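Heads up: the sequence shown runs through residues 751 to 979, numbered per our numbering.
Built from N, CA and C at the ideal position, the CB exists for glycine as well.
Keep in mind that this is a model prediction, so the values were computed, not measured.
First comes the structure, then the notes that go with it.
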Amino acid sequence: MQQRILVVDDEAAVRTAVQAYLEREGYIVQTAADGPAALAAARPFRPELVILDIMLPQLDGLAVLRDLRRDSEVYVLMLTAKAGEIDKVVGLEMGADDYLTKPFSPRELVSRAKAILRRGRGAPAGDAPLTFGRLRIEPDARRVWKAETEIELTPIEYDLLYVLARHAGVVLSRSQLIEQVWGYDYFGDERVIDVHMRRIRRKIEDDADNPALIVTVRGAGYRFDGEAG
């Protein structure tokens, strides 16, 4: 089944080039030039990935991302023309899965999109739930529970948590996590992992400032310390 990608950018040349490259790879592509048009297109089109420029007229990319995240787990790749880190960090903190800084080559963007979409949406049939105290991970349904409350995670957040939990007690470096979650075609900044970890901790830890489940091992990476039960 062909995957659908929504490309949102106010530059016509960017939209045209990216659409051409993605369609050449077999994706179904729809484009939008501003924030309201993006939101209007997203619901009926139901894309697996939204490539979203931060700098948009009428409604900026961060506002669009916020609206998308209210009722969707669609993968989001943010585009930014700004040199500063603030837009990248804010986008990731709001639930974007990855970012790419302009200028970029269409081939680079296609590679990044492939790496994100390769994750898919499901675990192998029959994967047993993982339970660590009050935390329960259900791979078949891609759902996470803390006691009786379901935890809402973005697809990338779920994938990172699942990889860590499957290797409980083992230190995984940022590069190992990227290889497991994004795949070999990822060319972004490894520090994107740190932002996602902060978001996951805020959702699953009793005290995100003093995490007991996802522990940072200085100079090495991250370790999941939950005790299986």
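In the structure shown, what three-state DSSP assignment does residue i receive?
| i | result |
| --- | --- |
| aspartate 944 | helix |
| glutamate 900 | strand |
| glutamate 798 | coil |
| arginine 973 | strand |
| alanine 782 | strand |
| arginine 949 | helix |
| arginine 765 | helix |
| arginine 793 | helix |
| valine 921 | strand |
| tyrosine 825 | strand |
| glutamine 926 | helix |
| proline 961 | coil |
| tyrosine 777 | coil |
| alanine 846 | coil |
Just list the residues that DSSP pairs residue i with in beta bridges.
| i | result |
| --- | --- |
| threonine 851 | Thr830 |
| valine 758 | Ala782, Leu802 |
| leucine 880 | Ile887 |
| tryptophan 895 | Arg886, Glu900 |
What residue does the alpha helix (DSSP H) around residue i start on, and which one ends it?
| i | result |
| --- | --- |
| arginine 819 | 811 to 821 |
| arginine 857 | 856 to 867 |
Closest by CA to residue i, which one among the options?
| i | options | result |
| --- | --- | --- |
| glutamine 752 | Val758, Ala762, Glu775 | Glu775 |
| arginine 941 | Ser925, Asp956, Lys953, Val931 | Ser925 |
| alanine 792 | Ala770, Asp821, Leu772, Glu773 | Asp821 |
| isoleucine 954 | Phe974, Arg968, Lys838, Ile943 | Phe974 |
| arginine 765 | Leu802, Ile887, Ile866 | Leu802 |
| methionine 805 | Val860, Thr966, Ala878, Lys838 | Lys838 |
| leucine 812 | Pro797, Arg948, Ala788 | Ala788 |
| valine 920 | Pro879, Lys896, Asp759, Gly976 | Gly976 |
| leucine 963 | Arg886, Arg892, Ala891 | Arg886 |
| arginine 968 | Phe882, Asp956, Asp944, Val814 | Asp944 |
| arginine 949 | Leu910, Ala891, Ala970, Leu818 | Leu910 |
| glutamine 930 | Gln808, Leu772, Ala767, Ala865 | Ala865 |
| alanine 897 | Phe882, Pro797, Tyr908, Leu922 | Phe882 |
| methionine 947 | Ala762, Asp939, Val965 | Val965 |
| alanine 790 | Ile778, Leu772, Leu809 | Leu809 |
Over the uninterrupted beta strand (DSSP E) stretch that includes residue i, give me the two end residues.
| i | result |
| --- | --- |
| valine 967 | 964 to 967 |
| glutamate 907 | Where glutamate 907 is concerned, there is no enclosing beta strand (DSSP E), although the alpha helix (DSSP H) it sits in stretches over 905 to 916. |
Check whether the Cβ of residue i lies closer than 9 Å to any Cβ atom in chain B.
| i | result |
| --- | --- |
| methionine 947 | The structure shown has no chain B; it contains just one protein chain. |
(request) Would you be able to state if there are at least three C-beta pairs under 8 Å between the region 903 to 910 and the region 846 to 859? (result) yes
(message) Check whether the region 915 to 923 and the region 852 to 861 are in contact - that is, three or more C-beta pairs closer than 8 Å.
(response) no
(request) Tell me, please, whether the region 821 to 830 touches the region 777 to 787 by the rule of three or more beta-carbon pairs shorter than 8 Å. (result) no
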